[in-house]
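Numbering of the sequence shown is given in the UniProt record's numbering, commencing with residue 1 and proceeding in unit increments.
C-beta atoms are modelled at their ideal positions from N, C-alpha and C, and glycine is treated no differently.
Only one structure is covered here, and it is reproduced in the block below.
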Amino acid sequence: MRILSGGHDFEGRSYVADVPFFILNMFYFRSISIDAKSQTAWVGAAATLGETYYAITQFNSSLAFPAGYCPTIAFGGHVSGGGHGPLVRKYGLAGDNVIDARIIDASGRVLDRESMGEDLFWAIRGGTGASFGVILAYKIKLVEVPKKFTAFSLTRTLQQNATKLVHQWQSVAPKLPADLLISLQLTTVKSSRTGKSTVAATFVSAFRGGVDELLYIMQENFPELGLVKGDCTELSWVEYIAFHFGLPKESTYDMLLGKITALPKDYFKAKSDLVQRPIPEEGLEKIWDLMKKMESPPGRMEWIPFGARMDEIPESEIPFPHRAGNLFLVFKTTSVEWNSTRVELMQERIAWLRKLHAVFGKYVAKNPRGAYVNYKDLDLGVNNVGKTSVEKARIWGAPYFKNNFDRLVQVKTKVDPYNFFKNEQSIPISQ
């Protein structure tokens, strides 16, 4: 069985399989109900992030929920894998802000937090829901946001000192005040000077406050970036989501409700890493050299800084373990035309991504090398089609969950002893 909420599984596991299967489509489970007194909301598994943000801001524009950027992602899958976004340094992950849930278990029972117990409730807030049952809805705690968000998007190429700026960003971004997140987008472009491939680094901010306060923080912490007032735009929280995708704020509500697309439909292969020490400049140069070899479509990465609230939450609080000691999360991707008859081109792009991942190996978290479960990567390993052992699954489970993997196995064995809910990277049962 494949459970389909939004269809954003990076390996397509919500609608394809190598064995006969059926799809449980959650499309109609998308209701959103908000309680004013408690400042909480119940959100259906198939409601998109855009629909959720729209409902919250229509109810009270001073409230929000700390989930992801992409408005078309469905709530159930996003939250059950942890879920990070522009408020991650202030409030942690989406899964950190869930206070109740409804799930159908392997016996067909509809359970809430009280009836499912704390172990299962823990597991479905970062350990993926599809291993344990069918998520129907999550109850979330809303958070406060100011009237003004300040955003900037500044691009520097290698010819504009990007290497030194990126190197410095690694030490600065995780230590900034919790109200400020500066993510880093890296892509291959053509140099306007030479016409040859180069790498462009785009620094993108999400600041909970006004432009003057942001300029002061940047001058104190990262003056080398050269930020000036004209680079900044003051927006509301939901307008910032449109800004992140390069859309005008007038398009915000249409984008949130899916009337226009924030991004063109793209098919890609992705990999992730966690970085715990700044990558030296010579390491960055090796990464740039490989990126410049992927021109069309360009190689792409996004680096998301942690620190602040993420450092305060224990590794075992929810299954997502990548907390204190991790400077930033790396998302690397290349477009892949999965339906293309140009098999050699597809293989070439995937091979390039694997080489890039190998280059990162020297500079990232080890024992285990970390990965983010919402950036699904079957290269890490897969379960057997029939019975699979815990140790075989640990090959991919440890990168996603570290020491939390064993507790997830215990929960799985207790609530789904016959392994009804299974897929290529579902939590196994102990034999």
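Name the DSSP beta bridge partners of Arg-2, please? Stepping through the sequence shown from its first residue, residue 2 is reached at position 2. In DSSP, Arg-2 forms a bridge with Ile-23.
Among Pro-297, Ile-429 and Thr-261, which has the Cα closest to the Cα of Lys-392? Along the sequence shown, read from residue 1 onward, the residue named residue 392 stands at position 392. It is Ile-429.
As an exercise, report each continuous beta strand (DSSP E) stretch of at least 3 residues that is fully enclosed by the region 185–216, in chain order. 197–207
Suppose the cutoff is 7 Å on Cβ atoms and the five residues either side in sequence are ignored; what does the same chain contact list for Gly-381 look like? Taking the first residue of the sequence shown as 1, we reach residue 381 at position 381. In the same chain as Gly-381, and ignoring 5 residues on each side of it, the C-beta atoms closer than 7 Å to its own belong to Ile-395 and Trp-396, in chain order.
Quick check: the Cα distance between Phe-65 and Thr-194, rounded to an integer number of angstroms? Within the sequence shown, numbered from 1, the residue matching residue 65 stands at position 65. Within the sequence shown, numbered from 1, the residue matching residue 194 stands at position 194. Cα to Cα, Phe-65 sits roughly 45 Å from Thr-194.
Starting from Arg-89, trace the alpha helix (DSSP H) in both directions and tell me its first and last residue. As a position in the sequence shown, residue 89 is number 89, starting the count at 1. From DSSP, the alpha helix (DSSP H) with Arg-89 extends over 88–91.
Is Phe-268 helix, strand or coil when you go by DSSP? For the purposes of this step, residue 268 is identified with residue 268 of the sequence shown, where counting begins at 1. It is a strand residue.
Near Asn-419, which residues of its chain fall below 6 Å by C-beta distance, leaving aside the five closest residues on each side in sequence? Looking up residue 419 in the sequence shown gives position 419. The answer, listed in chain order, is Ile-429.
Straight-line Cα distance separating Tyr-267 from Thr-343: Taking the first residue of the sequence shown as 1, we reach residue 343 at position 343. Taking the first residue of the sequence shown as 1, we reach residue 267 at position 267. In the sequence on display, residue 343 carries Val and not Thr. Between Val-343 and Tyr-267, the C-alpha separation is close to 14 Å.
Top-ranked residue by Cα proximity to Ala-308, from Gly-361, Val-199 and Tyr-91: Stepping through the sequence shown from its first residue, residue 308 is reached at position 308. For the residues Gly-361, Val-199 and Tyr-91, the minimum Cα distance to Ala-308 belongs to Tyr-91.
Which one of Phe-29, Lys-362, Asp-179 and Leu-184 has the shortest CA to CA distance from Leu-136? The residue you call residue 136 lines up with position 136 of the sequence shown. The residue with the shortest Cα to Cα distance from Leu-136 is Phe-29.
Proximity test, Phe-245 beta-carbon vs the ligand SAH heavy atom, cut-off 8 Å: No copy of the ligand SAH occurs in the structure displayed, which carries no ligand at all.
Quick one: grab the DSSP three-state call for Val-275. Along the sequence shown, one-based indexing puts residue 275 at 275. In the structure shown, Val-275 sits in a strand (DSSP, three-state: E or B).
Collapsed DSSP secondary structure at Ser-153 in the structure displayed: What you label residue 153 is simply residue 153 of the sequence shown in a count that begins at 1. Residue state, collapsed to three classes: strand.
Roughly how far, in whole angstroms, is the beta-carbon of Glu-220 from the beta-carbon of Thr-150, given that I think they are within contact range, below 8 Å? Here residue 220 refers to the residue found at position 220 when the sequence shown is read from its first residue. Here residue 150 refers to the residue found at position 150 when the sequence shown is read from its first residue. Contact doesn't hold; Cβ gap of about 15 Å is too wide.
Three-state secondary structure (DSSP) at Phe-328? The residue you call residue 328 lines up with position 328 of the sequence shown. In this structure, Phe-328 counts as strand in the three-state DSSP scheme.
Do Arg-125 and Ala-101 have their C-beta atoms within less than 9 Å of each other? Along the sequence shown, one-based indexing puts residue 125 at 125. Along the sequence shown, one-based indexing puts residue 101 at 101. Their beta carbons are under 9 Å apart, which means Arg-125 touches Ala-101 by this criterion.
Asn-384: which of Trp-122, Asn-60 and Gln-425 sits nearest, CA to CA? In the sequence shown, residue 384 corresponds to position 384, counting from 1. Of the listed residues, the one whose Cα sits closest to Asn-384 is Gln-425.
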